[in-house]
Amino acid sequence: MKRITRREFHRLAAAGAIAGAAAATPLAQASAHSPEAPQSQAAAPKPPTKLLLTAEQEKKVQEAIAEREQDIAILRNRALPYNLEPAFVFHVRSAARRPPGKVN
Amino acid sequence: MLSDDVLYMSVRDLGAQIKARKIRPVQLTESYLARLEKFGPKLGAVATLTSRHALQLAKQAEKEIDAGNYRGPLHGIPFGAKDLLATKGIKTTWGAPPFRDQVFDYDATVIRKLTEAGAILVAKLAMIELAGGGGYSNASASLQGPSRCPFNTDHWAGGSSSGPGAAVPSALVAFAIGSETIGSIITPAAFSGVSGLRPTYGRVSRHGAMALSWTMDKLGPMCRAASDCGLVLAAIAGFDPLDETSVRTPYISRPARHAAPGRAPLDGKRIGVIRPDFKADGDPEVEMAFNVALETLRGLGAKLEETQLPDYPYSAVAVTLYSSEAASIFRPFIQGEKLQQLVDESQKIGLVAALSIPATDYLDSFRLRSQIQADLTKMFDRFDVLVAPSRLRPAPRVDADFNAPPAKNTTEKSGDKPAEKTSDKPADKTAVKPAANPAHSNERHSVIAASNIAGLPAISIPCGFTKDKLPVGIQFVAAALADDTCIGFAHNFQKATDWHQHRPSGF
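Going down the list, the sequences are from chains R and B.
Just so we're aligned: 565 in my numbering is position 53 of the first sequence, and the numbers increase by one with no gaps anywhere.
Just so we're aligned: 257 in my numbering is position 77 of the second sequence, and the numbers increase by one with no gaps anywhere.
Right under this line is the structure:
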């Protein structure tokens, strides 16, 4: 694995907000190996793959997504204070979590 | 069989009669089961009858009471549960054809707690498929078909807790448990003339309930009397290690609190009135009933002041939150072949579209949720409760298309006029469509969306009827964990009125 200097890490982090494992792969290198060019923010979200829909349903899904993009603009246009954290808080646990429920 | 007068009694009164051994649990259970069999199909109220299980529990209750082991006010009381609560060995369909044969090997915590309190599950009740998480376009969006309002069976009972909406006011059960992500208790309570409590988020364990949105799902009682909601909540509330979001703050039911002698029951209580623009959005008969209800509250001594919700895009936030979570929860189902087995086409499209909500939108909604929570909390420095109409229009017809464009307001009678068919997007998930232009939106009146985002408790109780015998509801919203405040206001309102005692004819 290619090592990077602390200075280079900070440069990459600032450019791409990388962290943890991703920090071990320089951003430029990651982009070069990525199968797809990163989408611009303005691009419409990618429709889900692996769906078993009819052509008519696919069309309606696209219409629904387009409508949502319009509806959600009111949310995206709202300036949020930099230090406003989400309403949920991740917290560490001293004990193991319960096992998930079982369905027959 | 017991008389209708007995079966329409409140839970509190039934409990007193059982304790005094004037009513026997077996006879009571048999009587409710007979009504469920007779009227359940007509109202589309039932998913599964649990007769054998119920009669076993009733016999056990009878033995215990005879032996002097009375467990409390729910001992021997038959109830129904929305069919999204896991019941060991009994089908739990989530109202959806793909899950028609689903059986869990455990009880939801709510079911376990009610059983421990001595209550008797007599039926799993109908619901909109998957609690309408992807949106739905009509009342038939259910494995069980449309549930009907008992007061006018041409109209819908409301959703997604549609079975409880139909079964409670027609006395097919003594009470029911519904669930709400955004409007699913308040809406059927309003449309069917029920007293429905949506408790504070975390007040009641969600363990064993179908997850639609981990951060917005709530379970609550639907009863004929508001004070009964307190009795049931006392039995089902409390911390549960199986639901880490459940709260430890104890709930104590005190709905019968009285004002000091010589003072009006709500003397000095402050009510913030959220008055929607009825001319743009509502129905004149609902407006009239709401205004009369406000006068009643004023007559009880409360101080009323018109107010507005803080300016936030509540609908966009709510839709983004629950849709994202539903998409994550149901992703394997959405991407599988069984999706096509759902009844409602809108539901399929909505669930698939939700898969592509960007994470940034979800997180931004959660950040706004922090602000909304803080700002709504501040409102309760000024007010004990907020009141608003539960729904701006009465129940739509069962054949109405919820996706049809909203009707212009009209002074025509509500009912079978085409212009009235569309109502105000009656279902919860279809009711919170974000408005693109806030200047022309009714976001500052979006009480259901706002209070669900903030996890606040609310109760809807009947406050009138239209000329077409359709119930009208008023809702009381209180600060987080002030569930009993909601119940107290509703209880005092019901002591001064008799809307909750109306019985549907023919049932």
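Glycine included, every Cβ here is placed at the ideal spot set by N, Cα and C.
Can you say whether residue i is buried or exposed, counting buried as having 16 or more other CB atoms within 10 angstroms of its CB?
i	result
B/A181	Reading the sequence as shown, one finds Met at residue 181 of chain B and not Ala. Flag for B/M181 reads exposed.
B/Q236	exposed
B/P421	exposed
B/F279	buried
B/G312	buried
B/R386	buried
B/S190	buried
B/L301	buried
B/K459	exposed
B/S342	buried
B/V412	buried
B/L392	buried
B/A370	buried
R/H545	The predicted position of R/H545 is uncertain, since its pLDDT is 39 and thus under 50; no value can be drawn from it.
B/Q527	buried
B/H680	buried
B/G479	exposed
B/L689	In this structure chain B extends from 181 to 687, so residue 689 of chain B is not present and cannot be described.
B/T557	exposed
B/S375	buried
R/E597	exposed
B/Q674	buried
R/K571	exposed
R/V604	exposed
R/E568	exposed
B/T646	buried
B/A619	Residue confidence for B/A619 is low, a pLDDT of 39 falling below 50, so the modelled location carries little weight; the figure read from the coordinates is stated next. With fewer than 16 Cβ atoms within 10 Å of its Cβ, B/A619 is classed as exposed.
Could you name the residues of the same chain whose beta carbon sits closer than 8 Å to that of residue i, not counting the 5 residues immediately before and after it, in chain order?
i	result
B/S626	L489, Y494, S495, V612
B/V523	A276, P277, E309, S320, A321, S322, L323
B/V497	S545, L548, R549, I552, A629, I633
B/Q520	K528
B/D664	G410, Y431, I432, S433, R434, P435
B/G481	A439, R443, A444, P445, L446, D447, G448, K449
B/F563	R450, I451, G452, E485, T487
B/A414	Y431, I432, S433
Looking only at its own chain, which residues have a Cβ that is under 7 Å from the Cβ of residue i, when we skip the five neighbours before and after it?
i	result
B/S211	M181, L182, L187
B/R455	E486
B/A662	P637
B/V453	L474, L484, E485, E486, T487, V567
B/E467	F458
B/L535	A507, R511, I514
B/P330	L223, A346, P349, S350, S372, P684, F687
B/G325	G224
What does DSSP give as the partner residue(s) for residue i in the beta ladder?
i	result
B/D423	B/D420
B/Q655	B/A568, B/S640
B/H335	B/R577
B/E486	B/V453
R/E579	None; R/E579 has no bridge partner.
B/T228	B/K304
B/M150	One cannot answer for residue 150 of chain B here, as it falls past the ends of chain B, which runs 181 to 687.
B/A389	B/L265
B/R328	B/W336
B/F645	B/P651
B/V384	B/A417
Excluding the 5 residues preceding and the 5 following residue i in the sequence, name in chain order all residues of the same chain whose CB lies nearer than 6 Å to its CB.
i	result
B/A469	C643, G644, V652
B/F284	A266, T272
B/F669	V565, F656
B/K425	For clarity, residue 425 of chain B is Thr in the given sequence; the question names Lys instead. G382.
B/Y250	K199
B/P205	A238, A241, E242, G256
B/A417	R383, V384, Y431
B/K218	none
B/D579	none
B/T429	L661
B/L254	A297, G298, A299, A415
Taking only beta carbons into account, state which residues of the region 531 to 563 of chain B come closer than 8 Å to chain R, listed in chain order.
Within the region 531 to 563 of chain B, the residues whose Cβ lies closer than 8 Å to some Cβ of chain R are V532, A533, L535, S536, I537, P538, D541, L543, D544, S545, F546, R547, L548, R549, S550, Q551, Q553, listed in chain order.
Against chain B: residues of the region 576 to 602 of chain R by CB proximity under 8 Å
A576, I577, R580, Q582, D583, I584, A585, I586, L587, R588, R590, L592, L596, E597, P598, A599, F600
Contained beta strand (DSSP E) runs [length at least 3] in the region 442 to 479 of chain B, N- to C-terminal order
Note on the region 442 to 479 of chain B: whole beta strand (DSSP E) runs with a minimum of 3 residues are 450 to 454, in chain order.
Output, in sequence order along the chain, the residues in the region 485 to 503 of chain B whose CB is closer than 7 Å to any CB in chain R.
P493, A496, V497, T500
With 8 Å as the C-beta to C-beta threshold (strictly closer), list the residues of the region 394 to 424 of chain B near chain R in chain order.
Close to chain R, meaning a Cβ-Cβ distance shorter than 8 Å, are the following residues of the region 394 to 424 of chain B: T395, P421, L422, E424.
In the region 250 to 303 of chain B, which residue ranges form an unbroken alpha helix (DSSP H) of at least 4 residues, counting only runs that do not cross its ends?
289 to 296
With 7 Å as the C-beta to C-beta threshold (strictly closer), list the residues of the region 293 to 310 of chain B near chain R in chain order.
none
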